[in-house]
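Report on the structure given below.
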Amino acid sequence: MVKHPVTPLLNQFLNFSTIGQWNFSIREAVNHGYAHKALTLFRQMKQNGVEPNNWTFPFLAKACTKVSNFKCSQIIHSHVMKSPFWSDVFVQTAMVDMYVKCNQLDDAYNLFVRMSMRDVASWNAILHGFAQSGFLDRVSCLLHDMRFSGIQPDSVTVMGLTRAVLHTKSLKLVKSLHSFAIQIGIDVDVLVANTWIAAYAKCGDFGLAEVVFNEIDIVTRTVVSWNSMIAGCANFVNFFGAVNYYKCMLHEGFRPDLSTIVSLLSSCVQPEALFQGCGQIGALELGKWIDNYSISNGLKDNLIICNAFIDMYAKCGCLNDARELFYAIPVRSLVSWTTMIAGCALNGEFTEALNLFSQMVELGLKPNHVTFLAALQACSHGGLLEKGWEYFGMMTRKYNICPGVDHYSCMVDLLGRRGKLKEALEFIHLMPIKPDPGIWGALLGACKVHRNVKIGEYVSHRLFELEPQVAAPYAEMANIYASKGRWDGVAAIRTMMKSNKVRKSPGQSLVQVKGKTHIFTVEHRDHPEGMLIYMMLDSLNLHLKKARLPLSYEVDMNCSEATLFSS
DNA sequence: GTAGGGTTAG
1 MVKHPVTPLL NQFLNFSTIG QWNFSIREAV NHGYAHKALT LFRQMKQNGV
51 EPNNWTFPFL AKACTKVSNF KCSQIIHSHV MKSPFWSDVF VQTAMVDMYV
101 KCNQLDDAYN LFVRMSMRDV ASWNAILHGF AQSGFLDRVS CLLHDMRFSG
151 IQPDSVTVMG LTRAVLHTKS LKLVKSLHSF AIQIGIDVDV LVANTWIAAY
201 AKCGDFGLAE VVFNEIDIVT RTVVSWNSMI AGCANFVNFF GAVNYYKCML
251 HEGFRPDLST IVSLLSSCVQ PEALFQGCGQ IGALELGKWI DNYSISNGLK
301 DNLIICNAFI DMYAKCGCLN DARELFYAIP VRSLVSWTTM IAGCALNGEF
351 TEALNLFSQM VELGLKPNHV TFLAALQACS HGGLLEKGWE YFGMMTRKYN
401 ICPGVDHYSC MVDLLGRRGK LKEALEFIHL MPIKPDPGIW GALLGACKVH
451 RNVKIGEYVS HRLFELEPQV AAPYAEMANI YASKGRWDGV AAIRTMMKSN
501 KVRKSPGQSL VQVKGKTHIF TVEHRDHPEG MLIYMMLDSL NLHLKKARLP
551 LSYEVDMNCS EATLFSS
């Protein structure tokens with residue numbers, strides 16, 4: 001929110017004595033981004049002997065949601081309970097919303113069930129609470145109860161439902177929600193449309209996101225509509241699309257804001273952008289340009305933007321730029337630390353990553369599941385198995401964080417790199433969650449490195465069952481057979497691919513050097529400087545072997561039968 | 001002059 005210099009204006013009201021005048025100044029303070037001031041005004045009002053009324057509390061509740069302070073919320077709530085307006089539907093709904101936004105969902109729900117009267121806003125407030133936490137079951141029960149009690153869902157309800165569905169990433173659910181909304185005749189305004197754009201893009205149908213965007217009247221579109229399209233492109237690994245929408249947005253006279261920058265930056269770090277750049281301008285160049293734009297428009301002071309830049313620089317390989325930015329932040333958030341740890345892990349600075357983790361904890365910050373993922377990635381890329389176990393144990397025992405599929409994947413990768421294939425398989429079998437293709441893929445990769453046909457066969461068959469159309473596991477398994485001279489196995493895989501109608505596109509690497517894109521395709525060595533490049537790769541492989549780095553660092557130079565299927 | 005809504009960093 002843009003802050004206006006309203007403080008002097010507010011001060012002149014302090015001499016007023018009616019509740020209307022106090023309410024006005026409190027409202028003005030909240031609506032102009034001075035939530036703390038609003039709460040101070042309330043204190044002063046009480047000191048002046050003026051009692052709040054039913055209009056005061058919703059403003060105060062809003063102030064609490066802005067400062068996001070649970071204690072403040074409790075104080076305001078106690079004032080509500082002492083006032084004659086504790087049962088007012090506006091006041092109670094404001095209280096429910098206040099607890100939801102302060103992440104006190106239980107308190108919000110307890111309050112909600114005790115409400116003597118509820119209108120559509122009350123239902124929506126609690127529904128959004130459960131929706132943002134991804135409790136789809138609770139949300140659908142609420143929707144049922146709401147309709148049963150005679151309250152019709154409106155466009156705000158539909159947005160809450162969409163938010164809940166987003167957690168499932170199910171395109172089918174988004175589509176059925178869309179038709180439900182049309183069926184019950186809700187008013188599809190620009191806010192609803194923006195939600196659907198994001199929902200379709202996140203659930204994998206960018207075409208439908210574009211359809212919704214194009215259906216919004218040009219004059220009705222807001223900066224959020226454009227941001228949603230740019231973010232959608234970023235989700236969809238479509239760097240060029242993001243840049244294109246960005247250009248159109250500027251052409252239509254919209255000013256990029258914080259979200260635009262963040263989404264554009266996130267599209268910069270997509271593989272497509274990192275390798276290919278955009279025409280004459282590479283992803284890093286665009287990133288730097290966005291950097292300059294952000295500085296000159298005062299956006300660089302924002303922590304979210306800074307964190308996005310740290311991520312972008314780290315992913316573009318400019319760890320020094322990332323570091324510089326990280327250390328320049330006066331108050332770093334958990335996300336800043338996590339981004340930096342992940343950046344170090346990605347760029348091979350494993351010790352630095354783990355040191356940062358310790359520093360962060362010493363400062364009193366509590367690592368979350370993403371921080372642990374970054375730490376485990378550092379361990380896994382660095383081959384630090386013992387450290388990996390240490391973090392894995394710490395996360396479950398000390399921090400009570402339930403490991404997700406990605407954490408397990410890191411551990412499988414770690415065990416696999418060390419050649420502990422049996423242990424990795426046992427670990428997968430003991431996991432309390434269902435292994436996904438990523439986990440099996442990590443183990444299959446390790447089987448390839450350690451040429452283990454037996455476990456490789458078992459693992460690849462799990463993958464063939466899960467994703468029969470994906471070519472990579474067939475290729476990996478064929479390579480394992482080939483590395484052992486098992487041409488019968490290679491032939492069997494070929495037959496299986498044919499009968500399953502699996503098609504594979506040749507593996508390619510793209511590198512941008514001085515604005516020019518160089519493409520390397522499996523089995524083709526037709527680059528003008530191919531001779532020198534492949535000699536250098538041979539020499540690098542030799543050095544890696546001498547340095548006894550984890551085997552998976554080995555540059556894949558196989559050009560024999562083994563790579564016939566590599567992807 | 002009151003409550004519930006959209007995009008957005010790891």
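Numbering (full-length UniProt numbering), first residue to last: 1 to 567. From the three backbone atoms N, C-alpha and C, an ideal C-beta is built for every residue, glycine too.
- In this chain, V331 is not harboured by any alpha helix (DSSP H), its DSSP state being neither H nor E.
- Distance from the CA atom of D106 to the CA atom of W337, rounded to whole angstroms, is 30 Å.
- Leaving aside the five residues that flank A234 on each side, the residues in its chain whose CB is nearer than 8 Å to its CB run, in chain order, A242, S263, L264, S266, S267 and Q270.
- Where M312 is concerned, the enclosing alpha helix (DSSP H) starts and stops at L303 to K315.
- The beta carbon of H77 is closer than 7 Å to those of M95 in its chain, skipping five residues each way along the sequence.
- In the DSSP assignment, R27 falls within the unbroken alpha helix (DSSP H) covering I19 to N31.
- Residue burial annotation: L532 is exposed, with fewer than 16 other C-beta atoms found within 10 angstroms of its C-beta.
- The continuous alpha helix (DSSP H) containing F180 extends over residues L171 to Q183.
- Proximity of the stretch 168-187 to the stretch 137-145 falls short of the contact definition, fewer than three beta-carbon pairs being nearer than 8 Å.
- Per DSSP, the continuous alpha helix (DSSP H) segment holding R163 begins and ends at S155 to L166.
- Assignment of T339 by DSSP, reduced to helix, strand and coil, places it in the helix class.
- Residue burial annotation: Q47 is exposed, with fewer than 16 other C-beta atoms found within 10 angstroms of its C-beta.
- In the three-state reduction of the DSSP assignment, T220 falls in the coil class.
- Our two residues, T65 and A29, have alpha carbons roughly 14 Å apart in a direct line.
- Annotation: T396 is outside any alpha helix (DSSP H) and is labelled neither H nor E by DSSP.
- With a threshold of 16 other beta carbon atoms within 10 Å, S539 falls short and is exposed.
- Here G317 has no same chain residue with a Cβ atom under 6 Å from its own Cβ, once five neighbours each way along the sequence are excluded.
- In this structure the stretch 464-481 does not lie against the stretch 402-421, because fewer than three pairs of beta carbons, one per stretch, are closer than 8 Å.
- Put simply, of D187, P84, C102 and V89 the residue whose alpha carbon is nearest the alpha carbon of N69 is C102.
- Using a 10 angstroms sphere on the CB of R118, the tally of other CB atoms reaches 16 or more, which defines it as buried.
- The residue from N54, Y99, N110 and S73 with its alpha-carbon nearest to that of S87 is N54.
- When the five nearest sequence neighbours on each side are left out, the beta carbons in the same chain lying within less than 6 Å of the beta carbon of T93 are those of A121, S122 and A125, in order along the chain.
- Boundaries cannot be given for P256, as no alpha helix (DSSP H) includes it and DSSP labels it neither H nor E.
- Note that the C-beta distance between A378 and L354 is below 8 Å.
- Counting along the chain, no alpha helix (DSSP H) covers C318, and no H or E run does either.
- Less than 8 Å divides the Cβ of L299 from the Cβ of L258.
- Shortest Cα-Cα distance from G20 to any of H36, H32 and F42 involves F42.
- In this structure, the beta-carbon distance from V192 to V158 falls below 8 Å.
- A straight line joining the alpha-carbon of G232 with that of T260 spans about 11 Å.
- When C-alpha distances from A374 are compared across L363, Y408 and K398, the shortest belongs to Y408.
- Its chain contains L444, G456, E457, S460, G489 and I493 as the residues whose beta carbon lies nearer than 8 Å to that of M477, once the 5 sequence neighbours on both sides are disregarded; these appear in chain order.
- In the three-state reduction of the DSSP assignment, W196 falls in the helix class.
- Distance from I295 to G343 at the Cβ level is roughly 21 Å; contact not present, criterion being Cβ atoms closer than 8 Å.
- With fewer than 16 neighbouring CB atoms inside 10 Å of its own CB, C248 falls in the exposed class.
- Residue range H369 to G382 is occupied by the alpha helix (DSSP H) that includes C379.
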